[in-house]
Each structure stands twice: as structure tokens, then as C-alpha cells.
């Protein structure tokens, strides 16, 4: 696999992060809720200033928490043991959340294929199709509902970067969610 | 906004990097952050509170005196010991001044200094919280100059609520 950009991500973007969190504990999914609440609380004051009203700021904070939680839980499904890095920043009229983690090559290929599929279809239609598929499936269904909901229901723009490492082992995966700040 | 400070996370633990400008826009970010780091870095609840308190002191120090791009914090815990490391960006002059002050407070007899601080009517010592951690909770504090700031390391005994 060569380095691959999928969706709405600028691979060379230099985002001056307000906040960067590195976690080296397993399983990361346990930390998802704590991290998501922390990030939204950390951004609280800036959100209130940007949104112009407390109600809109609270709604935006909830959206950010959901986005962070979904990114981390999604990463937990594919990550190999190691460090998960989350960055959060606000630029003009959007909040940018970026998650980096390492994935085994076999999982990375499937993950990339899924990301390509999502990026090439309407998220609302995909979400509905996935829900229907899951309802008809026995013993489980297709994953990715959270990310599809993030795109369809919250208007997030998602992008991915898949970077094989020199060692030829794990693949470094970056997932980025851009959330427009509503006023 | 980002500085040149960088570090790697150890085998266990959490690391957080703060853009100084962002941290300074809201004083509450110190306590919000310390509560998160405490909860994320160890168990049980008492240990989390101790770590949270220590982290809060360090982040308030960043808030008060930090200069430059970003501050980095790393917390790791194992077998009832917690290690908290802060890389605090400072100008050259501020670095010299803070190192001097750290030596004065944590040099020969921190307890004596602590008692003097309790009895003084002067403006509160910005490092008083760290002094309290060392004297009341037995934490050990090490510090050293960096090219662009100071590194402070606190070691906490989570079982006894004190240090080694």
C-alpha cells in the first residue's frame, strides 16, 4: 500500500493545535468518553465566543464530543497496541479534530477500502442502507454507523491518510473530522 | 502557535500538549485539564485526585509564567507511583529567574521555606502549590534547564499520598 489520501483531508496542512493528547493505554475505547468530554469542555469558552449564544455553543460542544468519541472508538477497532494521538483546533468557522493511530496492514486495507467507499457516496444514503442492512442481518451488521451519522446528521467532513511505515509493518492512519461552527 | 517542544509517551500513560495562547484564554482550562489527566492516568479515586492536584499546580505555573509556543505534560503511573513531567517554555531570562527561584525554594529545606511562606504577609509565592506538594504530600521534585525552557518532574507515591 502506498500513502493514500481519502476524502476531505489536506495531507500537508499545518494545523496549529490548541490541544494534543497522546494515549498509550489499552483499550483506548475506555478513554473515548473521557477524552470526548474533555475536548468539548476545553473548547467551551472559544465555542461560546464563536457561536454567539450559549445554546449554540452547547450544541456544538455536544457535536465535538460525539465526533471525538466516534473517532476514538473507530480507532480502537483497528489499532494495534501503541499510541493514539488526538489533536483539536479551531480555525475561523470550523473545529478540526484529527486522530492518528497505527493499524495492522490487513486491517488498513479494509479500512481504506471502507473509507474510499464512504467518500464516494452520499452519507445519508449510506447511513440508511447500513441501518437497513444491520436490521436484516443476524448476529451483527456493518460497522461505520457512527462515522456515517457524523457526516449525515452533523455535517462533518471526513478525510483519511493511510501511510505505510518504513518497517513495512503497521500503517499509520490519520482520520480528520471538520465541523462547521454554526452561529 | 505550536512550539518546538516534543516528547514521546512511555510504555504507559498520557501526554498532553497545550498551545499557550489557547490555555491562557480560559483559566478554567487548567482545572478542566488536570481533572481529565488525573482520571485518565491512574486508579483509584484518591490517586486521581492527587495527580489532578499536582497537574493543576503545574498547569497554573504554565498559565502564569509560560512564554512561547506550547507546553507539554506527560503522566505515567505504575505500581502506586506516578511520574508527572512538564516541559515549560520560557524565554532565556525567565528561565534563569525561575531556575533560581526553584533552587531557593526546593534547595536545602523546603519545609522551612514552606513555613515561612505560611506566615508571610507578602504576595503569594507562585510556586507555593508545588512547595505544598513536596512538604505535605512528600512529592519529590526535580528540575532542569532546557534549551527553550525548564523541565519539571514530580514523583508521587499514590499509596501513601506522599513521595519517596
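Chains as they are written, first to last, in the working numbering: chain P, 108 to 290; chain E, 17 to 180.
Backbone N, C-alpha and C fix where the C-beta goes; we use that ideal spot for every residue, glycine too.
*asked:* For residue 254 of chain P and residue 181 of chain P, which I take to be in contact (beta-carbon distance under 8 Å), what is that distance rounded to the nearest angstrom?
replied: 6 Å
_Please identify, using Cβ separations under 7 Å, the residues of the stretch 196-207 of chain P that lie next to chain E, in order along the chain._
none
*Are the Cβ atoms of residue 282 of chain P and residue 178 of chain P separated by less than 7 Å?*
yes
*Would residue 112 of chain E be called buried (16 or more neighbouring beta carbons within 10 Å of its own) or exposed?*
exposed
*asked:* Considering Cα atoms alone, identify which of E:32, E:164, E:159, E:80 is closest to residue 51 of chain E.
replied: E:32
*Can the beta-carbon of residue 334 of chain P be found less than 7 Å from the beta-carbon of residue 186 of chain P?*
Within the shown structure, residues of chain P are numbered from 108 to 290, placing residue 334 of chain P beyond reach of any answer.
*Where does residue 152 of chain P sit, in a helix, a strand or coil, going by DSSP?*
helix
*Residue burial classification, residue 190 of chain E (beta-carbon count within 10 angstroms, cutoff 16)*: This structure cannot settle anything about residue 190 of chain E, because the visible part of chain E is limited to 17 through 180.
*Hey, how far is the Cα of residue 142 of chain P from the Cα of residue 176 of chain P?*
7 Å
*asked:* Checking 7 Å against the spacing of the C-beta atoms, do residue 171 of chain E and residue 99 of chain E come in under that value?
replied: yes
*asked:* Considering Cα atoms alone, identify which of P:174, P:199, P:241, P:152 is closest to residue 206 of chain P.
replied: P:174
*With which residues is residue 267 of chain P paired in a DSSP beta bridge?*
P:113, P:282
*asked:* Tell me which residue opens and which closes the beta strand (DSSP E) that residue 196 of chain P is part of.
replied: 191-198
*Determine whether the Cβ of residue 162 of chain P lies closer than 7 Å to any Cβ atom of chain E.*
no
_Contact defined as beta carbons within less than 8 Å: I believe residue 172 of chain P pairs with residue 144 of chain P. What is the distance between those atoms, to the nearest angstrom?_
6 Å
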